Each structure stands twice: as C-alpha cells, then as structure tokens.
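Beneath this line is the structure, given in structure tokens, with notes to follow.
Residue numbers (this note's numbering), protein chains in the order written: chain A, 106 to 695; chain B, 106 to 695.
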C-alpha cells in the first residue's frame, strides 16, 4: 500500500528545489519551516490513510453513468467531502475568497501525495483548483463573488472544457459556439469530449469553464472565448436554481484512471431549460479565452507532471516491498539459507535503483518548477517567470515519461504477479499512460520547449540555467568524495552535451530552420531532463539533510551518474544530426 | 485492423535471416521458394481475415470460468477449429505423426502473424506445439502413438505445467509430487499456477505436461520429472474415457491477453476418480524432467519473442494509419489546406520510424534465431546450435521489450484516443506487457546470455558472430551510398562497443567475478540487440529484395543508425563500469 514519502518530499523541497533559501530570504511571507512540515505531514497522512485505501475499488468499479448521472465509486463521495473539509482545496487560493494563499511548492507536494494515493481521485480536485485560478484571475467581480468561495471550499467542483473531436492539440479549429443575449449572458451550443470530472456525484453543482467561439469571432485561436457554465444556475442568494442545458452524454471506457469520469459534454441541445442553449457568462474578454486558459495552463501541466512523480513513487514502493519479500534462486554471494530475496539479484537491484533515480529526478525537476512559480511573484519576477516557463515542459514530459517507465519496470519486478490485476502494479502501469498525453502531449511540450522557451531573453535564460548546472557539477568534482565516484566528471560531460545541443538549437532556430530544430525536440527534452536529474541528485547529495541519509543520497547520485544519465551523448547526437535521416526516412511511412 | 505484413516477413526471412541461402544450399529438403510464398501468404490471410477480427471481442469478454469449465470468447472455438483444420498446428511436426516437417523459420513467421491477429488466441496453439515437441522427443512409443496424432491435428490441445506459487524462475523448489503405481503409471498431487490454456472449450481433451517430484527424488532441479496428465483418460481405441483428477480451480484477472485463460490447476485432490491422484505417465526418464523441458524451452522463448514482434508490428500499423488520418496543427513546411495530418509533424514521424526500426530489428533477430534452429539439424550442427543458443535470449528479450516500447509509442501517437479502449492501441499496450515476463523474465534471459551463452566454445562462438557483424558494417561503409548516410561508421562504432563489452564480460567471468558480470547483464543484452538491429537492417538494405523497396530499406537503416542505436556507447559503459555504483547504492534499498 502506498505510503506518502513525506521525508523525501520535505528534503527535496527544502534542499534541492529552493524552499529553504526562499523561506530564509523572506520570499514566502509568514510561512515557516514548522508550518511546512506540519502541512506535508498532514497531507501525507491523508493520502496514505484516506485516499490510498480507496484506489483499488475506484479502479475496479470505475465511474458509472446511468441516466445522465455519474455514480462515483463506493466511498469516494465521502472521501471527497473529507478532503474538502480538510481545507486541501484552498491551499493556494486567495485569502480574499477563503483560501490559504500558500506557495505553489506546497501545493505540488500535496498533489504528489494525493496522486500517489489515487491518481483517478486526485485529478478531480486538481481541475477545480485550475478553474479557480482562471476565474480568480479573469472573472468579473460578480462571478468571483458568486462562485469562488464555494469552489475554494470544495462545496462545488469545476471542470475544464477545451477538447472537441477535431480539436485537441490544436484548439483553433473548435466549433462550439456562443451567442450573445441581451441580458449580458451567452448561450452555448456544442459538444466537448474528454472532459475530466464533467459529471459526478461529489458535489451538488459543477462549474464548467467552456471554450467557445462567438459568431463574429476571428478564425483560429484568436477567436475563442471562455465562459462559465454552471450545471445548475445560481440564484442571487447563492442557492441552486434551474438546471442548465448542459449534461454528460457518455463516459469513456479507458485504459486507466477508471475512477475518473471522462465525459462527453453536450451544451445547448435543448434537453434542459425553456429554450435551447446552455447559459454562460463570459470570463475575461471576448476572443481572449485562450489567454485566460494560459494563466493556468502551466500550472495544469505541472500538476500532470506531479501525477508522473506520484505514480513513479507508488510503483517503486510497491516493487521494493515485493522484491524484499519474494524469494527466488540464489543471487551471487548469497549466504542465507534457501532462496534469496529477489532484491539480492543484481538485475533486480538495477531496476529498483533506476526507478528510484527517475522518481527522484522527476520530483526534483517538478518541485524546482513550482519554486520558480512561487518566486515569480516577488523580485526578479521576469527571471523566475522565465525559469518556470522553461522548466514546465521538461517537468511535465520527464515526470510523466518517468511515470510510465517506472510503472513498467514495477510490473517487471513483480514477474508473473505483476500481470495480475489484484497485485496493483498493473493499475499503476495503466493509470500512468495518460499523463504523457493530456494537458499537451509530451511532443507538444518538446515543441514548446524548443521554439518558445529556449529563445526566452534571446537564449540568455537557458544559458544562465546551464551555468548553474555547471556550478553544481564543479562542486561535485571539487568534493572529490569517494562515495560520489565519477559523478562530477560524468555530470560535466552530460551538461556539455546539453550545452552543445542547446547552442545548436538556438542557432538553427535563428537561421529559420524550424523543421530541423523540431526533429530534435523530443531527444532534446529528454536530454535536458536527464541532465537535470543528475544535477539535482548531486545538489541533494552535496547538501546536508540532517536526517542521517546523506550516504544514501550520495550513493543514488553516483548510481544515476554512472548508470542512468549516460544516454545524453546519444541524445545530443540525435538532436544535432538526426534530422536529415528522419526526413529521408519519411518514404518508409508512405 | 491488423494486416499481416507478408511481404516484409518474406523479405526478412529470405534476404536477412538466411532462408534463401539455406534453400539454395539444399539445407531445407524439398522446400521451394514458391512453397514458402504460398505458406506465408495463406498464413497471412488467415491471420488478417480470421484471427484479427476476433481479437477485440476476446479482449472484452475474456475467458470466463463457471463450474470448473472455461467458456472461451464468442467465435473463438470456431476460429480454433478453422485454424486446426487449416493444418497450422502441424507445420513443423514430424510427418511420422501427421506433421508437415517444415522448417522452424516458417513456423515463427506464421506465429508472428497469428499473434499479430490476436496474441491471446495464438498463445494457446503455441503451447500445444511446445507440448508436441517435448512429447515427440522424449515420450514413449505408446504415448506418442496415443497422443501425438490428435495433438498434431489439433483435435486435442496441450498445456505446460511448470510454475507453482513459490517456484517461478526457480523451478528447483517445486512441491507437486508424483507417486509410482504398480501398473507403471503415476499419481500426481499438487497445485500449478499461471497455466496458460489449462482449461477451455476448444477441444474435448487437454493433454497437460506436468513437472513433479518423486518421493525419493534428489533435491533441486535434478529431482524433477515430467508427466503426461490428460484431462480425460484415453481408452485403447483412442476414445475418451474417465475424467482424470485434474481441473481448473480458478482463472486470473489479468492486465492483458484476456482471451487466454490463465489457470490455477489442481492435481489429485480427489474431485474426480475413485481414488485421489491425477493419473500420469512419465515422459523421458525419472528426475530428468527439466532436460525434457529444455528441449522446447528455447523454442518457447523464441515463440514469446514472436509475440513481441507481432504486437510491435500491429501497434505500428495502427499508429501509422491513425497518424495519416488525424489532422492537427500545421507541421513546418506544410503546404496543404487546413491542418496537417499529424504524421507530417517531425516528432510524430520520429515516433513512427522508431517503431518501424524496433519492429524490423526484432523481426530480423528472431528470424535469424529460427534459421539457426533449422540449420542445427544439418552440417555444422554445433555451430548452428550455438548460434541458436546465443540468439535465443537476445531474441526473446529484445523483441518483447520492443513490443512494450512500440505499443507504448503507439498509444502516444493516438493522443487521447490511445487511452480509450475502443481504439485498440491500449489493448496492445496491455497484451504486450506479459511477454518480457513469461518463459523466463528478460532479466533471466540476460543471466542466461552472459553466463551460459557467451562462454560457448570458450567465447569463440560470440567472437565469430561479432566478426560477421563487422563484415556487414564494412560492406555498408564500402558501399559509400549517400542514402545510407553514416550507417557504416556508426555501425562500426556500435559493434566496437559490443566487442569491448563482450571481451570485458568474458574476462570478468573467467576471473570468477560473477556478481560484477551479472550487474551488467541487462545493459549488455540491450546493447547486443541494438547492434543486431543496426546490422540486420544494414544487411537488408544492402540486399536487393527485387520488390522496389530498396530505397525504403536504406532510409530506415540510416534512420536506425543515426537515430536509434546510439545508446550502445552508454550501455557498454554501464556494462564495464556500472557494477560498483550499483552495489554501493544497495544502501538506498534497505
């Protein structure tokens, strides 16, 4: 059973991702180290004791649709109620509407733990928090007063309605339309697919944020507006009124996250109300809907990254426990009686350590990204905003790929038992698979990284970041500690690979050779993630956690340097000279 | 829908794996090129038109247990009947008992296609063929006369009963026991788990081959005997007699291959018959059961490798079809109207080409292995037997890892649709995951490769093989063809990595540093597979298939050299200097 890794999370936040310096520098208001520990500890307890025990039934029963209503798995509505009453929905929300105004770092740490308990459960509340962010940033006073307090308390949940059958990665072609009404409201007509938690029985009302196009809107992404469409209209006194003309038509039969209802939502087909059309209110300005969404897009991407970290940690925990218990054969040097625990076999240890490295690397990258988000509210706002922008695609992609890879290794460690659903390793393998896809596929992240993030400040931001990584490697080399093995030298080599690939991409983009740069985008993104994994593990190994685990961190860091990150050379090579053969090989696909 | 890639299979058999030279050298009896084409074509037709259409219902319904009987998915019993009547069960079996005595190469080619149609269906007949092999090689005349004709015709199926709850990879600790009876039969008592097709409604009788231990047997693997235990006893005239005391207690709820019943089998608990004990007949000698199983172990491992190839090909076909149809965004340089098909995006093309390379590499390796099996029956038997031995673990592991990796990429190419079960990409991702586990996990394969296969003929076999690979690379370099890009040089470098890692392992084993060698076994196995992928693609690219696809093959070969096999350097490094950090990092797992 999943146990939230509170200590490792706290260490990573404080000593790797920058929480302690931020606290000491007074960048996080009244927040204290003690409060951080208290929040992490309680979030961990909730994830371990309340969420995790309901993961399996959620997977097995799944969300069920009958007569337009979605029945959630047994025990889940009560779990949600406990979660909301615990105040977890309001962690980062504005105190103006009942939120706690805490840093994003604490939010992602808590997110990791809830997703570790059950990804299918945690994704629902995550979307509400996203809807709160968009509404808080762009909603009218009236909308904010009417909806935010109840969404922040968790009394109502939110949903995000972007995708349509022909508009997924490319939202410019969406067809859902909105018509203006004289009273300032709008009427929406259309179909949205893949709407996570579009319908459920957790809350009485659901606040849908819906992208749609006005009749006179410009074509493409500049003609999309964002609307608030509640399931039930809200009367002036805040009580629920008539049912709005918006409902769930069907839910998907998915590979994983079965407990999460993935809905096809129908707006305005006349099923409810006096006249057809779902009643909506504009959020922000007309035709500026995508800009409103972008407010929360980065945070949503990071939130999906946390799912990768969470699944990876859960899979690693489960595999280690099994490998200690299961005996089979005799490992070299085994002196015990009978068969060895399989963890003694070098190959099994290699799998488990690789899982540890990928998990910890993904955690460090995502937390560093959250730290940048927090710091972007203070001095040096541009620097930190750029850092958050740069790290977001890497955090999303590296962590979600790690989720899949680690979950797959977790199945492998379990042998035949891993293929049996009751063991639970298979559920993680199934759940993990969506994370590299939604909130922008990892391929989209790579395009974003290369074409929009590398050029920030004319490339000087990424260059500055690489200089920071060089400093970590130099410190590792200078430490010359036997327990770090060849960490310093190997990290230097990996960073040099990153640097060369970065300069090549910047030059290639500057020369307008877009296709060539894009051909290497995914290898580059992976290269960046591996380098950051090595660097952040080294940063942790060079810090003193004061928890007696310094030797462990050094050993894992060395293993990463000598057994995991060595692909950087091949990845650099692919970035810098892979495009021609890729283009030439297109003939194979015809 | 899956379409058996008959042309690519024929090309690989003939021009890469060695079928044409073997035919021309007269090593395959009366077999002609025309007959090969006819068999491949008809096997392909059956896989495409008969098997593939029933894959989805097999996954959705699964095998269902009620009252000890397993009901197979709708349409599957008729499919099996058609398959057996088509003579597919008898391809490689001895003509003495009604078989066709065809080479193993044709068998694996057909296996690939049936598994491409439905892995859950194809695995059943595969196991029967394994049982036929063991019985033909080691059974008494009486057993062979009684069982082989009906097993070869497909009237009865077989099952292989090895695993017990505490005896999976390590069979030495199994507990199922056999007692001698005065009439020369035995009575078996025990429980077997994970028994594929242990019970079903395809055939009236099921011939279980069961490993068990005699009361006076030596401990460990040298005390295991093999028995034939039919579901129904067979009367002298060949008709079915009494029900034997062997039955299916339960079936597993699995991640994938739902149509394949995975049974817990109970032997001898008294449910059937006058006295407890399942009646069995010894196959081969007492206590030599594992040797009998080894006869077919290599072939079974290769058969699982074919599942990897099959899933990879099916996933690639599906992803390419989707990527051509689905439009989204505008790829760089896109001149068409509206959105581009996603195949135009470089990142999607990279995924698809990588899938192609891994599939084709896995196919070439597995077919080369089957070729060695065939050649081991002629002159130079030892050479070819060693080649088959060496290639088997690589074929099994590389192809099954490719199955998982390619199926995962296939889901990714589909975006959100990939996560929806109805699309079918998710089924392949689920089905694929068992293949790296069963018939010896890929970690076990790596141990076998390093500790038993490299030392064959004191290392001279593997050295000779590497020399053959050098010759291919030299030919690629000498061709100096622009369409091959840097193939020659990169292949040379990869082979040099393999050579260095091989020599290091041989030396390390010779010095008795077993643990150190085993720490690098999995990276070495992967390194070998990548090198073979590059070399076999080059061999194909340098051949003339006479089918107008030479340019395609050269382009894919170049893509492999420049974009896929570059990890060999990092893998070599991991083999040769990864063990120390692995051992040191064990502290992390405590």
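In this text, a Cβ means the ideal position worked out from N, Cα and C, and glycines have one as well. Since the model is a prediction, treat every value here as computed from it, not as a measurement.
Taking only the alpha-carbon atoms, compute the straight-line gap between residue 588(B) and residue 461(B) and give it to the nearest angstrom.
-> 18 Å
Can you name the residues of chain A whose CB is closer than 7 Å to the CB of residue 672(B)?
-> 672, 675
Using a C-beta cutoff of 8 Å, does residue 692(B) count as contacting chain A?
-> yes
Measure from the C-beta of residue 162(A) to each C-beta in chain B and report whether the shortest distance is under 8 Å.
-> No, residue 162(A) does not count as interfacial toward chain B.
Report yes or no: do the stretch 469 to 482 of chain B and the stretch 493 to 505 of chain B share at least 3 C-beta pairs separated by less than 8 Å?
-> yes
Is residue 602(A) close to chain B, meaning its C-beta is less than 8 Å from at least one C-beta of that chain?
-> no
Residue 355(A) versus residue 648(B) - alpha carbon distance = 53 Å
Is it right to say residue 592(B) is buried, meaning 16 or more other beta carbons lie within 10 angstroms of its own, or is it exposed?
-> buried
What residues match up with residue 266(A) in a beta bridge as DSSP calls it?
-> 315(A)
Between the Cα of residue 314(B) and the Cα atoms of 289(B), 267(B), 271(B), 324(B), which residue gives the shortest distance?
-> When only C-alpha atoms are compared, the closest one is 267(B).
Under a three-way DSSP split, which group does residue 240(B) fall into?
-> helix
Run the CB neighbour count on residue 363(A), radius 10 Å, all protein chains shown included, and call it buried at 16 or more, exposed below.
-> buried
Using three-state DSSP, classify residue 628(A) as helix, strand or coil.
-> helix
What span of residues does the beta strand (DSSP E) with residue 282(A) cover, start to end?
-> 282 to 285
Taking C-beta pairs closer than 7 Å, name the residues in chain B that residue 661(A) reaches, listed in chain order.
-> 690, 693
Closer than 9 Å, Cβ to any Cβ of chain B: which residues of the stretch 555 to 579 of chain A, in chain order?
-> none
Identify which residue in 546(B), 624(B), 159(B), 126(B) has its Cα closest to the Cα of residue 221(B).
-> 159(B)
Residues bridged to residue 335(A) by DSSP?
-> 312(A)
How many angstroms separate the CA atom of residue 361(A) from the CA atom of residue 336(A)?
-> The straight-line gap from Cα to Cα measures roughly 26 Å.
Return the bridge partner residues of residue 706(A) from the DSSP annotation.
-> Because chain A spans 106 through 695 in this model, residue 706(A) falls outside it and cannot be assessed.
Can you give me the Cβ contacts of residue 699(B) inside the same chain, cut-off strictly under 6 Å, excluding the 5 residues immediately before and after it?
-> Residue 699(B) is absent from the model: chain B starts at 106 and stops at 695.
The stretch 498 to 505 of chain B / the stretch 271 to 282 of chain A touching (three or more Cβ pairs under 8 Å) | Not touching, per the Cβ criterion.
Output, in chain order, the set of chain A residues within a Cβ distance shorter than 7 Å of residue 433(B).
-> 273, 274, 275
Please name the residue, chosen from 552(B), 653(B), 684(B), that lies closest to residue 590(A) on a Cα-to-Cα basis.
-> Ranking 552(B), 653(B), 684(B) by Cα distance to residue 590(A) puts 684(B) first.
In angstroms, rounded to a whole number, what distance separates the CA positions of residue 170(B) and residue 306(B)?
-> 11 Å
Identify the contact partners of residue 687(B) in chain A, using a Cβ-Cβ distance below 7 Å as the criterion.
-> 451, 454, 455, 458, 664, 668
Beta-carbon proximity check, residue 623(B) vs residue 451(A), cutoff 8 Å = yes
Is residue 176(A) helix, strand or coil by DSSP?
-> strand
Is it the case that the Cβ atoms of residue 385(A) and residue 397(A) are separated by a distance below 8 Å?
-> no
Are the CB atoms of residue 435(B) and residue 448(B) nearer to each other than 8 Å?
-> Cβ atoms of residue 435(B) and residue 448(B): not closer than 8 Å.
What are the boundary residues of the beta strand (DSSP E) that includes residue 345(B)?
-> It spans 345 to 348 - the beta strand (DSSP E) in which residue 345(B) sits, taken as one unbroken run.
Would you report the Cα separation of residue 657(B) and residue 637(B), rounded to the nearest angstrom?
-> 19 Å
Between residue 631(A) and residue 507(A), what straight-line distance do the alpha-carbon atoms span, to the nearest angstrom?
-> Rounded to whole angstroms, residue 631(A) to residue 507(A) spans 11 Å at the Cα level.
Mind listing the chain B neighbours of residue 461(A)? Cutoff is C-beta to C-beta under 7 Å, in chain order.
-> Counting only Cβ-Cβ distances below 7 Å, residue 461(A) has contacts in chain B at 693, in chain order.
Considering only residues of the stretch 665 to 689 of chain A, which uninterrupted alpha helix (DSSP H) runs meet the minimum length of 4 residues and lie entirely inside it, listed in chain order?
-> 673 to 682, 684 to 689
So what's residue 171(A) in DSSP terms, helix, strand or just coil?
-> Three-state DSSP puts residue 171(A) in a strand.
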